[in-house]
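Presented below is the structure to which this report refers.
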Amino acid sequence: SEPNGCAIRNEEGVKLRPDVVVKYPDGRCVIIDSKVSLTAFVEYINAEDDRIKGDASVRHVKSVRSHVDELARKSYQNYIGEAKLDFVMMFIPNEPAYIAAMRLDSNLWQEAYDRKVLIVSPTHLVSGLRLIEQLWSRDKVTKNAIKIAEDAGKMYDKFADFTKDMDRIASGIASASKAHAEAMNKLSTGTGNLVKRAQDLKALGIKSSKQLAASVQKED
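To get this note's numbering, take the position in the sequence shown, counting from 1, and add 4.
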């Protein structure tokens, strides 16, 4: 009953011994404890005297409540790792004993649940474990959906930053192109521009083996 073959110990190092640790395929665990005394219940159902029956009923509820107190105090669920419920299942192995306790003290189940102890009977045990599995599966799907949404949001943010960078690059290229065009225009326009002067020097017969770029040459 010990997860991963390791002893369950509390904060003081004391070894804890729950009756059953149910392990689910995804590594999650549910603790079930069934050390419930039914002595008073047996006396209750067998009593022929109303006084004895009443006394036994009080002791039966007291016995169940005492075990709730014990489980709430031990908090088994806090010492089996992260993948677990935040409560322990208290199993009453006799259906009539469970029904009698709930009928005799209508607040018992809720008070136990508020203390992180879930009281279950044979009828409820299997269905409860299946419900827990379904809730965990839904929780996993929900968490995955949230994770996907968060990752998608981060990816979108990065893509938005990328498009802004591309806009800045495009703007820079446009500015550089405009500056280039203006500079080239200054070379070839106006009285005494550099291109005209260079062409005049070429016409005078200077020694040169190279030609001006076609983009700046003007036809006469």
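Virtual Cβ for every residue (Gly too), placed ideally from N, Cα, C.
This structure is a prediction, so every number in the text was calculated from the model and none was measured.
Burial state of residue i (16 or more Cβ within 10 Å)
{"i": "Asp204", "result": "exposed"}
{"i": "Leu122", "result": "buried"}
{"i": "Met94", "result": "buried"}
{"i": "Ser37", "result": "According to the sequence as given, residue 37 is Asp; it is not Ser. Buried."}
Collapsed DSSP secondary structure at residue i in the structure displayed
{"i": "Phe92", "result": "Going by the sequence as given, residue 92 is Val instead of Phe. If DSSP states are grouped into helix, strand and coil, Val92 belongs with the strands."}
{"i": "Asp37", "result": "strand"}
{"i": "Asp78", "result": "The question names Asp, but residue 78 is Lys in the sequence shown. Reduced to three states, the DSSP call for Lys78 is helix."}
{"i": "Ile210", "result": "coil"}
{"i": "Lys190", "result": "helix"}
{"i": "Lys120", "result": "coil"}
{"i": "Leu216", "result": "coil"}
Test item: CB-CB of residue i and residue j under 7 angstroms
{"i": "Val92", "j": "Leu112", "result": "no"}
{"i": "Leu198", "j": "Leu191", "result": "yes"}
{"i": "Lys2", "j": "Cys33", "result": "Absent from the model: residue 2. The displayed extent of the chain is 5 to 224, so no value can be given."}
{"i": "Ala116", "j": "Val72", "result": "yes"}
{"i": "Ser41", "j": "Leu108", "result": "no"}
{"i": "Ile96", "j": "Ser125", "result": "yes"}
{"i": "Arg69", "j": "Ala44", "result": "no"}
Limits of the unbroken alpha helix (DSSP H) element including residue i
{"i": "Ala105", "result": "99-108"}
{"i": "Tyr28", "result": "Looking at the DSSP string, Tyr28 is not in any alpha helix (DSSP H), and its letter there is neither H nor E."}
{"i": "Glu47", "result": "43-50"}
Short CB-CB distance (under 7 angstroms) between residue i and chain D
{"i": "Ala44", "result": "Any reference to chain D falls outside this structure, which holds one protein chain only."}
Inter-stretch contact (C-beta, 8 angstroms, three-pair minimum) for the stretch 42-60 and the stretch 154-165: Result no; under three Cβ-Cβ pairs closer than 8 angstroms.
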